[in-house]
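Residue numbers (mature numbering (1 follows the signal peptide of the UniProt record, and there is no 0)): -18 to -1, 1 to 279.
The C-beta atom is built at its ideal place from N, Cα and C for all residues, glycine as well.
Note that this is a predicted model, so its numbers are computed, not measured.
These notes are about the structure you will find just below.
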Ligand SMILES: N[C@@H](CCC(=O)N[C@@H](CS)C(=O)NCC(=O)O)C(=O)O
């Protein structure tokens, strides 16, 4: 997004985001409505107002955009009711107690808003915050967590090492659980399906260990509260529960993955999850139909 502004030595400067209607004042990561550039022309410096103290990361000279402040709170999510990526965003918004408008997308006939908001991948989810789109589910989760730091539980831990661990497992879930699960479900050949199955089962065993280590005996990956890994994996809960009906095998069992099994029950039973997690029978029926049509799910 282009920034419009004028920097004159010793003057106050307010920047606005050109494409936003109405124009929004840009204030780094902070929520204040205005900020000041002190401008020795060669080395312009952003002075962050004091209201940015909730920001977990230091402000840099490269100002970043947050459209509006905490009081300007317009969130719209484009997603599908069953997609694990959109579901994780809905879970995060619900666990943080944020209200948002939800727009269900038809992936066979994507809305103009989706195509304009995510012109690169044309995929859901897209979160639109005061008119500004954010794409890719993991990036969206981090965005929500940073912008609404003071609202609801923090998803990512404060400690940089623990944050890196959480990001590691989130990436692991995408690469080693979600993708192979898909291969197991829609693989073109038996060999491909078999490979997908093997990889998926290996991933849940690793995630069992991850849960034991990350939770340290507490109920969630995030400890006492639902955190980043919980919502990332949470998007797969209904699919995991539907695995037997869809792929002919139980994914989790009381002998090999007792912690994950208990986690899934606990997580799925919480109110913020219950209101968005799809009904398993509906999901299974829909997924079978789409697989038969070889259509996008
Ligand atoms: N890496 C993306 C994946 C998103 C994704 O694959 N979304 C699917 C729905 S579950 C989609 O929009 N598919 C439409 C398409 O491929 O055209 C994320 O994490 O947001």
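Point to revise | Three CB pairs or more closer than 8 Å across the stretch 234 to 251 and the stretch 268 to 279 | key: no
Practice item. Check whether the Cβ atoms of residue 124 and residue 109 sit closer than 8 Å, and answer yes or no. Key: no
Check your understanding: How many angstroms separate the CA atom of residue 56 from the CA atom of residue 106?
Key -> 18 Å
**Study point:** Sub-8 Å separation of residue 193 and residue 241 beta-carbons
**Key:** Yes; because the gap between Cβ atoms is below 8 Å, this pair is in contact.
Practice item. Whole angstroms is fine: what's the gap from residue 278's alpha carbon to residue 93's? Key: 15 Å
**Study point:** Endpoints, the beta strand (DSSP E) within which residue 117 is located
**Key:** It spans 114 to 117 - the beta strand (DSSP E) in which residue 117 sits, taken as one unbroken run.
Review point. Relative to ligand 1, what is the chain-ordered list of residues with a Cβ closer than 5 Å to any of its non-hydrogen atoms?
Key: 65, 67, 89, 105, 106, 118, 119
Exercise for review: Starting from residue 205, trace the alpha helix (DSSP H) both ways and give me its first and last residue.
Suggested key: Element bounds for residue 205: n/a, residue is neither H nor E.
Check your understanding: Residues in its own chain within less than 7 Å of residue 133 by CB, not counting five upstream and five downstream?
Key -> 78, 79, 80
**Study point:** Span separating the alpha-carbon of residue 30 from that of residue 71
**Key:** For residue 30, the pLDDT reaches just 29, beneath the cut-off of 50, and the residue's location in the model is therefore unreliable, leaving the point undetermined.
Review point. Where DSSP assigns a beta bridge to residue 84, which residues make up the other side?
Key: 59
Check your understanding: Quick one: what does DSSP say residue 259 is sitting in, helix, strand or coil?
Key -> Taken through DSSP and simplified to helix, strand or coil, residue 259 comes out as coil.
Check your understanding: Skipping 5 residues on each side, what residues in its chain have a beta carbon closer than 7 Å to that of residue 247?
Key -> none
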